[in-house]
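What follows is a set of notes on a single structure, which appears directly below.
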Amino acid sequence: MSQASGVLHEPFTSGVRQREATIFAIWIFLASELLLFGGMFFAFYTYRHAHTSGFDGGARHTNLLFGAINTALLLTSSFAMSVAGRALEVKRAALAEVCIWVTLALGVGFLGVKGLEYVQDLHEHLWPNTRFDGADPASRIFFGFYWTMTFIHSCHLLIGLGFLIRLGIMARARVLEANSDSVETTSLYWHLVDVIWIMVFTTLYLVGK
Amino acid sequence: MASPRKPPQLYEAPSSTVILGPALVWVGLLALLAANIGLTFLPLGRAKTAVNLGVAIVQASLMFAVFMRLNRASALVKLTAAAGLVWLSFLFLIGSADFLTRPMISP
Amino acid sequence: MTDTPLQGGVPASPRATERPAAGHASTNREGSFWQEGSSVWSWLSTVDHKRIGVLYAISITIFFFLGGAAAGLMRFHLFTPQGLLFGADTYNRLMTLHGVVMVWFFLVPSIPTTLGNFLLPLMIGARDLAFPKLNLMSWYVFLAGAALTVLALLMGGMDTGWTFYTPFSTIYSNSMVTIAALGIFVVGFSSIATGVNFIATVHMLRAPGMTWFRLPLFVWAMYATSLVMVLATPVLSVSMLLLVAERFFGMPIFDARLGGDPLMFQHLFWFYSHPAVYIMVLPAMGVVSEVIAVGARRTIFGYAFMVYAMLAIAGVGFFVWGHHMFVSGQSPYASIVFSFMSFVVAVPSAIKVFNWTATLYRGQITFAAPMIYALGFVGLFTIGGLTGLMLASIPIDVHVTDTYFVVAHFHYIMVGGSVSAFFAGLHYWWPKITGRMYPEGWARFAAILLFFGFNFTFFPQFVMGYMGMPRRYAHYPSEFQIYHVLSSSGAMILAVAYLLPLGYLAWSIRYGPHVSKNPWGATGLEWRTESPPPKENFKTIPVVDNDPYQYHQKGQAPQHGEAMHRGQGEEGGGVHPGSQTRQSEPA
Ligand code: HEM
Ligand SMILES: [Cu+2]
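These protein sequence lines map, in sequence, to chains A, B and C. Sequential numbering from 1 applies to the first sequence in the working numbering. Sequential numbering from 210 applies to the second sequence in the working numbering. Sequential numbering from 317 applies to the third sequence in the working numbering.
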């Protein structure tokens, strides 16, 4: 079975071509997402270079346990997502559907853990306002990045969850195969959000510890 | 099109790799995660940042290559992904030209 | 095609060959995309690239006149040293409104989303863009961003300038920065969506035989522009997000009191905003290449170089952003690199100017309105570019930073250049879009008026800027008054020149004479289909078997008397490659 789109849409006349175009287009978008997050990483590492001790002091306050659990959750969700796409290709629709729901559940789990972590962070006065708990002012900047990066990442994840729900509904209605383009694009987006999380995790939880 | 194109890649795969292939990568990713956390507590000194980031980049590459199927993607798609990284490197390289040399002027 | 006898060798007066206007009963709009439903909903839910182009055109026209009104008020205010109308705070808000609206809600989307949307599929022989729904979505996203920004304006506006520099924008400014920044963030996604769509379309949907090096230069321009849109805009998005994070949520990211670096914001901002000027000018270059070729009946000189030059501009344009920061306190070593790269990026632009000029050489030039606009572009763009070189050299820039010299420079590029080209394209493709011809006399008059009004407005700004008149001030020392008066008077002329087309183009939609498929006798696939095109663009997808711009035989100049004039392609729809061999009447 070759990789062709399930249903043709205007202006395409060939399913193979439409699939090719879809994959290409979503990758262009992903490249652009890479630059969006890249800007934050650039700022982060530039600052860290200038204020190493302050930043690393901040990093010592992030909760490695929550971070690690969340990373594992997302890696697993990516695994499930990837199986979903492949299962659909070999016409194992039931497996694909299960995997989509698993991905979704893991994503929700991530947000749940993140929420717990945020609560704890607030409790420890890690919101970088004047009541911030930390001696070095640069630690406050670190937490500026912490909240911004994790929050923007979570927003992306939320959007991904929206797309997953859509896939789940399609799978229920047994029209997933007709919409295999959507499976493909959603899963690429989802994976990218996970790749970004790997970098966020390493940056905020690991390098400074 | 002008010249008939090579048909896009077939991802056709025996159904065993539907789970097995990704599963292997998944195990690898989790192992790397564990390794990276472990490395964090080793006294690596100044190399630590590079080591941590290196492991993360290996993880990301695995995701890109297998989960996102860049390994079998068309040249065009590979190029697109590369373009994102290359342009990011422009931001880092040229941006750093300022931040890294500024202290040389006004310490 | 049947040979249309040419009148006596002289470019006939355009009117001579027009069919008489058929009143307002639009006969040839029958079966066109205009006729596919006329309810409001049929427009708001359309996925036809042509209709979306029209929707965009209406939206950006509104913004153009909004931004223009602000400019007019500012210029009127500046007639006297104390200012005529308002205080410094209001001035700052108007200035910011003008900058934000003109840049993000008019000029960046202008040519790509209107002419680009309309023409790209036609030019490559496709039935639509690759993702029609995405295209429609991009328009709604544009509207959403616009709504946020207008909301910010209604709530009092912003006073930071369009550049939103920190720490003023994050800590001190007492205006609607957050909402406006979100509006700009949102509108960025509309740009990205358009870029993605265009790139995918050019790669995937070219008609049989339409190889890369047969693409019209306008298509190449759209392609290069899209690359920049996709790769630069996300960095603007992130700079706006970080701005909001600091201003609204208190994340001290650029806060120098804690060790943050306001220059970080400037780097991120200009990483986008310098390439953004190429988003604004590359499409203009594409339009002008089309118009000059047809207006001189010449094959584009150095087609391949034109393509490489555009790609080089798109690429190298990313390495020069620091030339906006020479006096900011950035490292002088970095400044040297940025200065050097800025000189480098001027080379491909110069190549293009050279090639346009060489295209005119031995051409049969007709000064129809689009051609006047296009030639105006070449002249004004050259001045803008040369003064850009002055600004790229650090010693001069240190002297004229934040003066009217800079204001004049970028208006020469953005207004004299891009907006002129936009008008050139609008007039040139107007018959294709509407099926009617605009009134040529009025159009020529407006084009010439625009050229004079423009120089009248902005040339004095070079002088006063060089003498030290700083920008962004509501008051000024009286020694500069003469220049301000000149500039403000010019602005009034310019306003007329911009309002005129609004009037006569609107008139021509109803009363203009009908046109054939190819009123200019141009090459290019868009001229092979009806004017206006049917919903599916082509009855059958065309097959391309020749290079673009074959207005005459290779190695020869066009014959005297082959000048473009309207009505040329009346029956056959276009000068086909074969038709160049015909004998033209001796003069
Ligand atoms: C597409 C058309 C135009 C674009 C893209 C454009 C863009 C800009 C930008 C970016 C600024 C800087 C705003 C700031 O400093 O924040 C500016 C300033 C200004 N523009 Fe325009 N502009 C356009 C048309 C015009 C026209 C037609 C006029 C005059 C009639 C004009 C008059 C001014 C004035 C008076 C300022 C303020 C200069 C200052 O005080 O620094 N602009 N414009
Ligand atoms: Cu620039």
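All C-beta atoms in this analysis are idealised placements derived from N, C-alpha and C, irrespective of residue type, glycine included. Here the structure is a predicted model, which is why all the values come from computation and not from measurement.
When secondary structure is reduced to three states using DSSP, arginine 752(C) falls in the strand class. Taking the CA atoms as reference points, alanine 138(A) sits about 11 Å from histidine 49(A). Considering only Gln777(C), Ala463(C), Met657(C), the residue with the shortest C-alpha distance to phenylalanine 726(C) is Gln777(C).
At a cut-off of 9 Å between beta-carbon atoms, glycine 254(B) makes no contact with chain A. Under the Cβ distance rule, histidine 49(A) does not count among the residues neighbouring chain C, no pair being separated by less than 9 Å. As computed with DSSP, histidine 830(C) is found in a beta bridge with Arg752(C). Segment contact: the segment 374-393 of chain C against the segment 402-417 of chain C, three or more CB-CB distances shorter than 8 Å; contact assigned. It is roughly 25 Å from the alpha-carbon of tryptophan 420(C) to the alpha-carbon of alanine 625(C). Every candidate beta strand (DSSP E) stretch fails here, since none sits fully inside the segment 337-394 of chain C while reaching 3 residues. Per the C-alpha coordinates, the member of Phe659(C), His791(C), Tyr782(C), Asn451(C) positioned closest to histidine 715(C) is Tyr782(C). For histidine 791(C), no CB of chain A lies under 9 Å from its own CB, so it is not counted at the interface with that chain. Valine 493(C) and arginine 563(C) do touch by the CB rule: their CB atoms are close to 6 Å apart, below 8 Å. A contact is defined here as three or more CB-CB pairs under 8 Å, and the segment 537-550 of chain C meets this definition with respect to the segment 511-526 of chain C.
With contacts defined by Cβ atoms closer than 9 Å, alanine 612(C) and glutamine 680(C) form a contacting pair. At least one C-beta of chain C is nearer than 9 Å to the C-beta of arginine 17(A). Interface annotation for the segment 115-145 of chain A against chain B: empty, criterion Cβ-Cβ distance under 7 Å.
Judged by DSSP secondary structure, histidine 156(A) falls within the alpha helix (DSSP H) whose first and last residues are 137-172. Cα atoms of glycine 638(C) and valine 860(C): separation of roughly 44 Å, rounded to the nearest angstrom. Within the segment 758-833 of chain C, no run of beta strand (DSSP E) at least 3 residues long lies entirely inside it. Residue contact with chain A for glutamate 352(C): absent (no Cβ-Cβ distance below 9 Å to any residue of chain A).
When only Cα atoms are considered, lysine 114(A) and leucine 204(A) end up about 14 Å apart. For threonine 719(C), DSSP records a beta bridge to Pro786(C). Counted as a single uninterrupted DSSP element, the alpha helix (DSSP H) harbouring methionine 657(C) occupies residues 648-676. Per DSSP, proline 532(C) lies in no alpha helix (DSSP H) segment and is marked neither H nor E.
Contact annotation for leucine 547(C) against chain B: Ala292, Gly293, Trp296 [CB-CB distance below 8 Å, chain order].
When distances are taken from the beta-carbon of tryptophan 637(C) to the heavy atoms of ligand 2, the shortest one is below 8 Å. Proximity of chain C to alanine 269(B) at the Cβ level (cut-off 9 Å) is not reached, the minimal Cβ distance being about 18 Å. Against chain C, a Cβ distance below 9 Å from leucine 300(B) picks out Val551, His583, Leu584, Phe587, Phe634. In this structure, leucine 765(C) places its C-beta atom within 9 Å of the C-beta atom of isoleucine 809(C). Within the segment 510-525 of chain C, those residues whose Cβ lies closer than 7 Å to any Cβ of chain A are, in chain order, Val512, Ile515, Ala516, His519, Met520, Leu521.
For ligand 2, a non-hydrogen atom lies closer than 8 Å to the CB of valine 593(C).
Between the C-alpha atoms of lysine 851(C) and valine 7(A) there is a straight-line separation of about 22 Å. In terms of Cβ geometry, valine 551(C) and phenylalanine 29(A) do not form a close pair [threshold 9 Å]. Serine 187(A) sits in a helix when the DSSP states are folded into three classes.
With respect to the 9 Å criterion, alanine 25(A) and alanine 813(C) are not classified as neighbours on the basis of their beta carbons.
Using a CB distance below 7 Å, the part of the segment 171-202 of chain A facing chain B consists of Leu188, His191, Asp194, Val195, Ile198, Met199, Thr202, ordered along the chain.
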